[in-house]
Every structure is written in C-alpha cells, then in structure tokens.
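Residue numbers (UniProt numbering): 1 to 202.
Where is the CB? At the ideal position from N, CA and C, for every residue including glycine.
One structure below.
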C-alpha cells in the first residue's frame, strides 16, 4: 500500500486518555501498518494522550463542550475540524459523549468506539465494569464497534473476553481491561485497514 493510501485517523478523548496514549505510542513505534494518527482532539487537562501526541509531532486540538451552547453545536465544530483535515476514520477512545445524527451522517460508518463489555451485555452505561461485578458474571470483556444511531450498538469489529475471578473488585479488574484494551485497539485498526484496502481494490 502506498503512503497516500494510508488511513488518516483522528482520536477523540475526553479524559486523561490511557487507551489513546497507548495507541499513539504503538503508532510511533511503527505498529500500525497502513495508518497514520493525524489528530488528537481532547477536552480535559491534564491529558496524557495530548502530551504524548505533541511530544511526537502529532497535531492536537482542545475542544471543551461547556464552551458551546449544546452538544449539537459542539459536534458541529468537531465535524468541521475533522473534515478540514481530510480524516478517514475516527476512534473514540474514552470519549464520553453520544455522537448525534449530523456527525454520524458526516462520517458514515467511519466512527469507531470501544466499550468495556461484551456486546450485547451492559450497554448504554458508563459503569459497565462495575455493573459486571455487581451482576456477578464470570466473563466480561471489551468490544469495539462502528457506531450508529443507537447507543452502544452498531457493527461489532472485535471482542476480547476477560475472566472475572471470585475475589475481583474494580481495582483488580480494571487493569485487565487496560491490558486487553491495548491489543484490541490495534486489532481493530488492523481490521479497518483490511476493509479500507478491499474498497480501494474494487
């Protein structure tokens, strides 16, 4: 694949950005075969993903939702900034806002999310890890998916199971998600690269 056929990614992150930082680190070490990370849009500070991106010459942009009248206007600006940089795909890595219809239409089947559960369990919640513990499941996991107009649904790309031990609590279970999260994000990007290449070859 030629360089001009590489996928250009934007990463959206609202918190410190552990998954995002791990993904950027993998990119800077050459672990993304046919992708470039061109933009990191963040909200809160400190943001580890933003700091790491800037250290390695990746453009960052801070957009704060409370500076906009509502979620739609915030996402209009997100869309504008991403469009003018000719981004191909968007990865929401710990991005806490629901993507509304105008942005979905601007990037059809191009917005990827990561969720800390095995679909279809524990959807539409920000506490999926704790919910799994409270419910007493023996297996939980991580899902990446292409988002649509329904919260935590859409096309599943990758899933990884995580065993819940008898004595696990949030503090012991969360590191398992962090470890698996690094791998599933890279696998997901690889799957998107394959789909992208197939489209180019048609």
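- Counting only residues of its own chain and dropping the five nearest sequence neighbours on each side, residue 71 has a CB closer than 8 Å to the CB of 65, 97, 98, 100.
- In this structure, residue 133 sits near residue 164, with a CB-CB distance shorter than 8 Å.
- Your pair residue 7 and residue 89 checks out as a contact, with CB atoms roughly 6 Å apart and the cut at 8 Å.
- Between residue 20 and residue 94 a beta carbon distance of about 7 Å is seen, short of the 8 Å cut, so the two are scored as contacting.
- As the crow flies, the alpha-carbon of residue 128 is around 22 Å from that of residue 43.
- When DSSP states are grouped into helix, strand and coil, residue 89 belongs to the strand group.
- If you look at residue 144, you'll find it in the beta strand (DSSP E) that goes 139-146.
- The beta-carbon distance between residue 54 and residue 38, rounded to whole angstroms, is 13 Å. This is too long to meet the 8 Å contact definition.
- Taking a contact as a CB-CB distance under 8 Å, the pair residue 185 and residue 36 does not count as one, their CB atoms being some 15 Å apart.
- When beta bridges are read from the DSSP output, residue 59 appears opposite 39.
- Counted as a single uninterrupted DSSP element, the alpha helix (DSSP H) harbouring residue 130 occupies residues 128-135.
- Ranking 141, 62, 190, 48 by CA distance to the CA of residue 31 puts 190 first.
- Listed as beta-bridge partners of residue 161 by DSSP are 141.
- A distance below 8 Å between beta-carbons, with the five flanking residues on each side excluded, links residue 162 to the following residues of its chain, in chain order: 139, 140, 141, 142, 173, 176, 177, 180.
- Under a 10 Å Cβ-count criterion, residue 170 is classified as exposed, with fewer than 16 other Cβ atoms of the shown protein chains found around its own Cβ.
- Here residue 61 has 39, 41, 81 as same chain residues with Cβ atoms under 7 Å from its own Cβ, once five neighbours each way along the sequence are excluded.
- For residue 71, there is no enclosing beta strand (DSSP E); the residue is part of the alpha helix (DSSP H) that begins and ends at 71-83.
- Pairing residue 102 with residue 27, the inter-Cα distance amounts to about 30 Å.
- For residue 10, the three-state secondary structure derived from DSSP is strand.
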